[in-house]
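Sequences listed follow chains R and Y, in order. Residue 254 in my numbering sits at position 254 of the first sequence, and the numbers go up by one each step. Numbers given in my numbering equal positions in the second sequence, counted from 1, plus 1000. Report on the following structure.
There are 2 protein chains.
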Amino acid sequence: MFFERVAVIGVGLIGGSFSLALKEKKLCRHVVGVGRGAANLKLALERGIVDSIESDIAVAVRDADLVLVSTPVLQFENTFQKIKNILKPEALVTDAGSTKRDVVATARATLGAKIVQFIPAHPIAGAERSGAGAANAELFRGRRVVLAPLAENRPQDVEAIAALWSATGARVSRMTPEEHDQVFAAVSHLPHLLAYALVSDVGGRPNSAQLFSYAGGGFRDFTRIASSHPEMWRDICVANRDRILDELHSYEKKLQAIGQMLETKDAAALEALFAGARAAREKWLNGEYE
Amino acid sequence: MFFERVAVIGVGLIGGSFSLALKEKKLCRHVVGVGRGAANLKLALERGIVDSIESDIAVAVRDADLVLVSTPVLQFENTFQKIKNILKPEALVTDAGSTKRDVVATARATLGAKIVQFIPAHPIAGAERSGAGAANAELFRGRRVVLAPLAENRPQDVEAIAALWSATGARVSRMTPEEHDQVFAAVSHLPHLLAYALVSDVGGRPNSAQLFSYAGGGFRDFTRIASSHPEMWRDICVANRDRILDELHSYEKKLQAIGQMLETKDAAALEALFAGARAAREKWLNGEYE
Chain R
1 MFFERVAVIG
11 VGLIGGSFSL
21 ALKEKKLCRH
31 VVGVGRGAAN
41 LKLALERGIV
51 DSIESDIAVA
61 VRDADLVLVS
71 TPVLQFENTF
81 QKIKNILKPE
91 ALVTDAGSTK
101 RDVVATARAT
111 LGAKIVQFIP
121 AHPIAGAERS
131 GAGAANAELF
141 RGRRVVLAPL
151 AENRPQDVEA
161 IAALWSATGA
171 RVSRMTPEEH
181 DQVFAAVSHL
191 PHLLAYALVS
201 DVGGRPNSAQ
211 LFSYAGGGFR
221 DFTRIASSHP
231 EMWRDICVAN
241 RDRILDELHS
251 YEKKLQAIGQ
261 MLETKDAAAL
271 EALFAGARAA
281 REKWLNGEYE
Chain Y
1001 MFFERVAVIG
1011 VGLIGGSFSL
1021 ALKEKKLCRH
1031 VVGVGRGAAN
1041 LKLALERGIV
1051 DSIESDIAVA
1061 VRDADLVLVS
1071 TPVLQFENTF
1081 QKIKNILKPE
1091 ALVTDAGSTK
1101 RDVVATARAT
1111 LGAKIVQFIP
1121 AHPIAGAERS
1131 GAGAANAELF
1141 RGRRVVLAPL
1151 AENRPQDVEA
1161 IAALWSATGA
1171 RVSRMTPEEH
1181 DQVFAAVSHL
1191 PHLLAYALVS
1201 DVGGRPNSAQ
1211 LFSYAGGGFR
1221 DFTRIASSHP
1231 EMWRDICVAN
1241 RDRILDELHS
1251 YEKKLQAIGQ
1261 MLETKDAAAL
1271 EALFAGARAA
1281 REKWLNGEYE
């Protein structure tokens, strides 16, 4: 498992960290970074995150043996269109998209027969920091990477991508795109929406300055993910709209139940809900769900 | 500002840390700790958090020059009843309750003429850790403490309590009980409910083990406050019910608006909301609302 030439399309936190990890493990000879932001690309080059930079996706991909697509997901169609005719027959393509059903559908619709070369993946290593400046070679250590391989993929190619991610220190597992999108709507996409919603709600008040001035450590941690990349999260919302709406409605029902407990002064029910949530979270923190 | 004998009623994270801070700054001679949990009290004594322990509130308060009430707020009435007839005329009483309207109402209803001796306060230094084991002398450094002084209080007594908290490293400010309860319903009480609600929602699913197993750093920080003390938060919900319901309904409206953006595929509105929230949070992190 060694790749002469790797193209990373979108040199942000994930793409940059992937490049650094591969270079550190000597799993490739050369990484070319591609992106829309010239300043970010220049930073990636200066910091040695990539070996060269390129603004034209087609030029970067032409000689690549491995391509990582790590842009916001709504740009995938454009990327696949640009690479479908120039991708080398033996090259592998993988991605870091936070949603999988839409990515797979887009890949099927654009890549044609080359769909066999595309192994969908999702490294679970997001952070509210973004851009090449946040990249680090150890980002994936201990983190999960979900592969959502296609029926068309060759088993040895899927194994190669799995081995690559394992080499970065990640824990690799597999899911169907459907399962993936349901799971991450619940444990990632919805919490991001909820955090954005709270900051938006507080920030829109006439006394928002006073409210923020008394916000403490609980508020800071609860809203950390509201500092995430707006375009990336817009794209996730569009791509996984139906599952996120399901989760939002389930959560709204839970809030209505809590509202009812408050209305009826049902202190025992509130305490039971809090205690149950705390106990579940402690089990999770203790690794009982690994 | 020196207190011969201090009684701390409820030697948890806040009460224990207050005691440690006072002892370290040599602002008192002796701290007696009072509480319901014998094991927690014993730990507090063994770790030198308090100088002696006592199970009877009346005995502990009889000779005290300063009393800190730092139990969950629904226990305040019982505490005030027990101390009202034995409190020394020159002693000061303050508290660490997370709500203020109910605490003030309870104090007025129980303490009679001794209400003059009670200076309400709220140190903003909660954490999901609780109990004497989590106490540390530096807990309040840089944190806010809100005083909600009463018309009956003597100015020099309010100044003494303010100076005491300042000595622990806290930033002291003042609010009315009404203002306090509105502000903390928005920036503290509601976020706690939201975090408990998410963990409860995820934990109640048939596939909760799978969901938890893919929950990452964003979920961990978002739900950190769902590991908070259930009884304490039950009491806060009961005590500040009306304001929390106001905040919950405002938040539910925000979620409905976001649901509508998803339903109508309004990607631009979603991105604008996310970008606005991120910008507001960055301003807050940069200290623009201090």
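Cβ coordinates follow ideal geometry from the N, Cα and C atoms, glycine included.
Practice problem: Tell me whether the beta-carbon of R/I225 lies closer than 8 Å to the beta-carbon of R/P177. | Solution: Here residue 225 of chain R refers to the residue found at position 225 when the first sequence is read from its first residue. Here residue 177 of chain R refers to the residue found at position 177 when the first sequence is read from its first residue. For R/I225 and R/P177, no; Cβs fall outside 8 Å.
Practice problem: Report yes or no: is there a C-beta of chain Y within less than 8 Å of the C-beta of R/Q210? | Solution: Position 210 of the first sequence, counted from the first residue, corresponds to residue 210 of chain R. For R/Q210, the answer is yes, since a Cβ of chain Y falls inside 8 Å of its Cβ.
Exercise. Using a Cβ cut-off of 8 Å, pull out every chain Y residue sitting near R/H192, in sequence order please.
Key: Taking the first sequence and counting its residues from 1, one reaches residue 192 of chain R at position 192. Neighbours of R/H192 on chain Y, chain order: G1218.
Quiz item: Using a C-beta cutoff of 8 Å, does R/P230 count as contacting chain Y?
Solution: Here residue 230 of chain R corresponds to residue number 230 of the first sequence, with the count starting at 1. Taking Cβ atoms only, chain Y reaches closer than 8 Å to R/P230, which makes this a yes.
Quiz item: Alpha carbon to alpha carbon, what distance is there between R/V158 and R/I14?
Solution: Sequence index remark: in the first sequence, residue 14 of chain R carries index 14 (1-based). Sequence index remark: in the first sequence, residue 158 of chain R carries index 158 (1-based). Roughly 20 Å separates the two Cα atoms.
Quiz prompt | Beta-carbon contacts of R/I92 that lie in its chain and below 7 Å, excluding the five residues immediately before and after | solution = For the purposes of this step, residue 92 of chain R is identified with residue 92 of the first sequence, where counting begins at 1. The sequence as given places Leu at residue 92 of chain R; Ile does not occur at that position. Contacts found: L66, Q117, I119, D157, A160, I161.
Quiz prompt | Expected contact under 8 Å - CB spacing of R/A106 and R/L68 to nearest Å | solution = Taking the first sequence and counting its residues from 1, the one referred to as residue 106 of chain R is at position 106. Taking the first sequence and counting its residues from 1, the one referred to as residue 68 of chain R is at position 68. Note on residue identity: the sequence assigns Thr, not Ala, to residue 106 of chain R. Not a contact, Cβ separation roughly 16 Å.
Practice problem: Go ahead and pull the three-state DSSP assignment for Y/I1124. | Solution: Start at 1 with the first residue of the second sequence, and residue 1124 of chain Y comes out as number 124. Three-state DSSP puts Y/I1124 in coil, outside helix and strand.
Practice problem: Could you round the C-beta distance between Y/V1104 and Y/A1121 to whole angstroms and report it? I think they count as a contact, below 8 Å. | Solution: Sequence index remark: in the second sequence, residue 1104 of chain Y carries index 104 (1-based). Sequence index remark: in the second sequence, residue 1121 of chain Y carries index 121 (1-based). The beta-carbon separation of Y/V1104 and Y/A1121, rounded to 11 Å, does not stay under the 8 Å limit for a contact.
Quiz item: So which of Y/M1175, Y/Q1260, Y/R1144 has the shortest CA-CA distance to Y/A1167?
Solution: Position 167 of the second sequence, counted from the start, is the residue given in the question as residue 1167 of chain Y. The alpha carbon of Y/A1167 has as its nearest neighbour, out of Y/M1175, Y/Q1260, Y/R1144, the alpha carbon of Y/R1144.
Quiz item: Along chain A, in chain order, which residues have C-beta atoms closer than 8 Å to that of Y/W1284?
Solution: The structure shown contains no chain A; its protein chains are R and Y.
Quiz item: For R/S98 and chain Y, any beta-carbon pair shorter than 8 Å?
Solution: What you label residue 98 of chain R is simply residue 98 of the first sequence in a count that begins at 1. So no, R/S98 is outside the interface.
Exercise. Kindly confirm or deny that the segment 236-249 of chain R and the segment 196-204 of chain R touch, where touching means at least three C-beta pairs closer than 8 Å.
Key: Cβ pair count under 8 Å is below three, so no.
Practice problem: Spell out whether any CB of chain R is found under 8 Å from the CB atom of Y/T1106. | Solution: As a first step, residue 1106 of chain Y must be located in the second sequence, where it is residue number 106. No, because no Cβ of chain R sits closer than 8 Å to the Cβ of Y/T1106.
Quiz item: So, are the CB atoms of R/A135 and R/L20 less than 8 Å apart?
Solution: Here residue 135 of chain R corresponds to residue number 135 of the first sequence, with the count starting at 1. Here residue 20 of chain R corresponds to residue number 20 of the first sequence, with the count starting at 1. Result yes, Cβ atoms of R/A135 and R/L20 sit closer than 8 Å.
Exercise. Can you have a look at R/N207 and say buried or exposed, based on whether 16 or more other CB atoms are within 10 angstroms of its CB?
Key: Locating residue 207 of chain R in the first sequence gives position 207, where the first residue counts as 1. Label assigned to R/N207: exposed.
Quiz item: Roughly how many angstroms separate the alpha carbons of R/R141 and R/K25, rounded to a whole number?
Solution: The residue given as residue 141 of chain R occupies position 141 in the first sequence. The residue given as residue 25 of chain R occupies position 25 in the first sequence. If I take the Cα positions, the gap works out to 13 Å.
Quiz prompt | Beta-carbon proximity check, R/R29 vs R/R5, cutoff 8 Å | solution = On the first sequence, position 29 is the one that residue 29 of chain R refers to. On the first sequence, position 5 is the one that residue 5 of chain R refers to. Against a cut-off of 8 Å, the Cβ pair of R/R5 and R/R29 comes out as a contact.
Practice problem: Would you decide whether R/T264 is buried or exposed? Buried here means 16 or more other CB atoms lie within 10 Å of its CB. | Solution: Here residue 264 of chain R refers to the residue found at position 264 when the first sequence is read from its first residue. Label assigned to R/T264: exposed.
Quiz item: Considering only C-alpha positions, which residue in the set Y/L1074, Y/A1038, Y/K1088, Y/E1077 is nearest to Y/A1007?
Solution: By 1-based counting over the second sequence, the position of residue 1007 of chain Y is 7. The candidate whose alpha carbon is nearest that of Y/A1007 is Y/K1088.
Practice problem: Please name the residue, chosen from Y/K1114, Y/E1252, Y/A1269, that lies closest to R/V238 on a Cα-to-Cα basis. | Solution: For the purposes of this step, residue 238 of chain R is identified with residue 238 of the first sequence, where counting begins at 1. Per the C-alpha coordinates, the member of Y/K1114, Y/E1252, Y/A1269 positioned closest to R/V238 is Y/A1269.
Quiz item: Cβ atoms of Y/G1035 and Y/L1041: under 8 Å apart, would you say?
Solution: Working through the second sequence from its first residue, we reach residue 1041 of chain Y at position 41. Working through the second sequence from its first residue, we reach residue 1035 of chain Y at position 35. A contact, by the Cβ cut-off of 8 Å.
Quiz item: DSSP puts R/T94 in a beta bridge; with which residues?
Solution: Here residue 94 of chain R refers to the residue found at position 94 when the first sequence is read from its first residue. Paired residue(s): R/L68, R/I119.
Quiz item: For Y/D1221, is the classification buried or exposed, using 16 other Cβ atoms within 10 angstroms of its Cβ as the cut-off for buried?
Solution: As a position in the second sequence, residue 1221 of chain Y is number 221, starting the count at 1. Under a 10 Å Cβ-count criterion, Y/D1221 is classified as buried, with 16 or more other Cβ atoms of the shown protein chains found around its own Cβ.
Self-check item: R/G287 classed as buried or exposed, judged by whether at least 16 other C-beta atoms fall within 10 angstroms
Solution: As a first step, residue 287 of chain R must be located in the first sequence, where it is residue number 287. That one is exposed.
Exercise. State buried or exposed for R/S55, treating a residue as buried only when at least 16 other CB atoms are found within 10 Å of its CB.
Key: Start at 1 with the first residue of the first sequence, and residue 55 of chain R comes out as number 55. By the Cβ-count criterion, R/S55 is exposed, with fewer than 16 other Cβ atoms from all chains shown falling within 10 Å of its own Cβ.
Quiz item: Where does Y/G1216 sit, in a helix, a strand or coil, going by DSSP?
Solution: Looking up residue 1216 of chain Y in the second sequence gives position 216. In the structure shown, Y/G1216 sits in coil (DSSP, three-state: anything other than H, G, I, E or B).
Practice problem: Would you be able to state if there are at least three C-beta pairs under 8 Å between the segment 1252-1267 of chain Y and the segment 180-191 of chain R? | Solution: Segments in contact, no.
Quiz item: At a Cβ threshold of 8 Å, is R/S17 touching chain Y?
Solution: Sequence index remark: in the first sequence, residue 17 of chain R carries index 17 (1-based). R/S17 is outside the set of residues whose beta carbon lies under 8 Å from a beta carbon in chain Y.
Quiz item: Within the 8 Å Cβ cut-off, does R/L66 reach chain Y?
Solution: On the first sequence, residue 66 of chain R is found 66 positions in, with the first residue counted as 1. Judged by the 8 Å Cβ criterion, R/L66 is not in contact with chain Y.
Exercise. Between the Cα of R/K254 and those of R/W233, R/G16, R/A39, R/F274, spot the shortest distance and give me the residue it belongs to.
Key: Looking up residue 254 of chain R in the first sequence gives position 254. Out of R/W233, R/G16, R/A39, R/F274, R/F274 has the C-alpha closest to the C-alpha of R/K254.
Quiz item: Along chain Y, which residues have their Cβ under 7 Å away from the Cβ of R/C237?
Solution: Within the first sequence, the letter at position 237 stands for residue 237 of chain R. Residues of chain Y passing the Cβ test: L1262, L1270.
Exercise. Compute the Euclidean distance between the alpha carbons of R/R205 and Y/Y1289, then round it to the nearest angstrom.
Key: Here the question's residue 205 of chain R lines up with position 205 in the first sequence. Here the question's residue 1289 of chain Y lines up with position 289 in the second sequence. If I take the Cα positions, the gap works out to 14 Å.
Quiz prompt | Backbone CA spacing between Y/R1062 and Y/I1236 [nearest angstrom] | solution = Reading the second sequence from its first residue, position 62 is the one you call residue 1062 of chain Y. Reading the second sequence from its first residue, position 236 is the one you call residue 1236 of chain Y. Spanning the alpha carbons of Y/R1062 and Y/I1236 requires a straight line of approximately 29 Å.
Self-check item: Y/H1189 (DSSP reduced to helix, strand or coil)
Solution: The count along the second sequence starts at 1 and reaches residue 1189 of chain Y at position 189. Residue state, collapsed to three classes: helix.
Quiz prompt | CA-to-CA distance, Y/R1234 to R/A113, given in whole angstroms | solution = Position 113 of the first sequence, counting from 1, holds the residue named residue 113 of chain R. Position 234 of the second sequence, counting from 1, holds the residue named residue 1234 of chain Y. When rounded, the distance between both Cα atoms is 59 Å.
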